[in-house]
Amino acid sequence: MPKQTYADRRADFAAKMPPSSIAFLASNTEARRSNDTDFKYRPDSSFFYMTGFAEPKSAMVLEKDASGELSYQLFVRPKDHDKEIWDGKRAGIEGALKNFGADKAYSVDEIDQIMPDLLLGKQVLYCRLGDSNFRNTLFSGSVDPWLSDTLRKNRGDGVPATLIDINPILYEMRLIKSPFEIAQMQTAARISCEAHKCAMKYVKPGMLEYALEGELLYIMQRAGCQVAYNSIVAGGKNACILHYTENNEPLSDGDLVLIDAGAEYQYYAADITRTFPVSGRFSEAQRQVYEVVLDAQLAAIDQMCPGKLCRDYHRAAIKVLTQGLVELGILSGDVAELIKDKAYLRYYMHGTGHWLGMDVHDVGSYADPNIPEAERTLAAGMVLTVEPGLYIPPDDQSVPAQYRGIGVRIEDDVLITESGHQLLSGDVPKTVEGIEALMQSAQDKQNGGAG
Ligand code: GLY
Ligand code: MN
Ligand code: MN
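Residues in the sequence shown are numbered consecutively from 66, following this note's numbering.
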């Protein structure tokens, strides 16, 4: 992405800063996997959004002086010949200045000395406030000690007396995706669709869930992606465990398999779920449950356009799911009463979607920015998932036996446009007929038969 994009984002943020203010934002910590070995590093999304800088141990400052002059500063790992032989190249201070547009850059090792000086004379500090907002970002416990040092140094210059949470401001910016971001998300979705189709083509009874996961990972990784979150590959009743990620059981003939997997392409996520029969053919009971979920998803997608409230599509899904549960004999009673009593919660216990972007559960408030007790209205440039499901507990004796242990979710990614919406993940079948046709044609090819 051009350097100018990051500069524009910083300028947008800075436009909200008064004179004599400073903003501080750090990237993620590195995460230990085992002994001295780390997980692959992933920068904090908001930090990357503002800087385009992906190295660990980094932080940024935007400083606005009393005259309104802006200065962008980066704290980075300094160049180190020996360390770079072991761990890879570093931009260093020189690179931060030359390639990342910083007006000033420092070694991150000096941050505790430099930050109190930068805070001196400022009235307002923007930073992450509160534990839940810090998550695993660097220097989450450092702001208070820096302010204490600034107080000690203060000889009448002033110390920030107003602290403002930086997150809600960044989250509002990230909520509306630019054309460039939409293109990244289209790529993430396209590659994820390819991965899901590959799983539909290669699944076989007896295959282990992790082997099928391998097919997904292969398609994603060879296209330059990582997974946006741990993939769920859940055969049979495992699909009733919402966050099942063990993926270590055999897939049985006659069962469905639920796959919730999405690629992350250049820091933008897809989040797609498909549920399909291991054998290639839905049983009658599986088809019945599946079609209720599909109808709910289609009714929900109809509600995804500018002007609708961000929970309207959840309410539409609940209506169709509850109606379907009654028709299947799983719930009984008046549909409106059952909805009022939330009777569906036993079989549908999650929301119908969430913001999607750099984070799979992307940032942004679901409340109206001007009326906190009201829901936000959908607008062009927002991206959401739509993911109704039904999860019939295997041991629920109140349910007709043929439905027990069936878990179905269908999840797509939807961009809100000026005129309605665009499905980003439409390139993988989701009707019973579409799924069976794709799987049949793959089986025919593998058997060397017609197709
Ligand atoms: N894959 C996580 C979710 O669907 O929200
Ligand atoms: Mn998902
Ligand atoms: Mn999701």
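Cβ atoms here follow ideal geometry from the backbone N, Cα and C, with glycine treated the same way.
Item, Value
"Would you check if there are 3 or more beta carbon pairs closer than 8 Å linking the stretch 379-386 to the stretch 356-365?", "yes"
"Is any heavy atom in ligand 2 found nearer than 7 Å to the beta carbon of D336?", "yes"
"Would you kindly work out how many angstroms separate the C-alpha atoms of N512 and K269, rounded to a whole number?", "13 Å"
"Would you grab the beta carbon distance between V173 and A156 for me? Rounded to a whole angstrom, and I think it's under 8 Å.", "That pair is no contact at about 12 Å."
"Does the beta carbon of E95 fall short of 7 Å from some heavy atom of ligand 2?", "no"
"Can we count E37 as close to ligand 3, meaning its CB is less than 7 Å from some heavy atom?", "Since the displayed the chain opens at 66 and closes at 516, residue 37 lies outside it and no answer follows."
"What are the start and end residues of the beta strand (DSSP E) that includes M125?", "124-129"
"Could you tell me whether the stretch 209-229 touches the stretch 303-318, where touching means 3 or more Cβ pairs closer than 8 Å?", "no"
"Quick check: L281 and A293, are their CB atoms within less than 8 Å of each other?", "no"
"Are the beta-carbon atoms belonging to D478 and V497 less than 8 Å from one another?", "no"
"Short check: CB of I324 to CB of I297, under 8 Å?", "yes"
"Use the C-beta contact count for H261: other C-beta atoms within 10 angstroms, 16 or more gives buried, fewer gives exposed.", "buried"
"May I ask you to check if the CB of D478 is nearer than 7 Å to at least one heavy atom of ligand 2?", "no"
"From the DSSP output, in three-state form, read off Y332 for me.", "coil"
"So, L135 versus S123, is the Cβ gap smaller than 8 Å?", "no"
"With 16 other CB atoms within 10 Å as the buried threshold, where does Q249 fall?", "buried"
"Could you please give the first and the last residue of the uninterrupted alpha helix (DSSP H) stretch that includes K148?", "146-152"
"Taking 8 Å as the cut-off, decide whether the C-beta atoms of Y355 and V464 are in contact.", "no"
"Would you check if the distance between the CB atom of T215 and the CB atom of L185 is smaller than 8 Å?", "yes"
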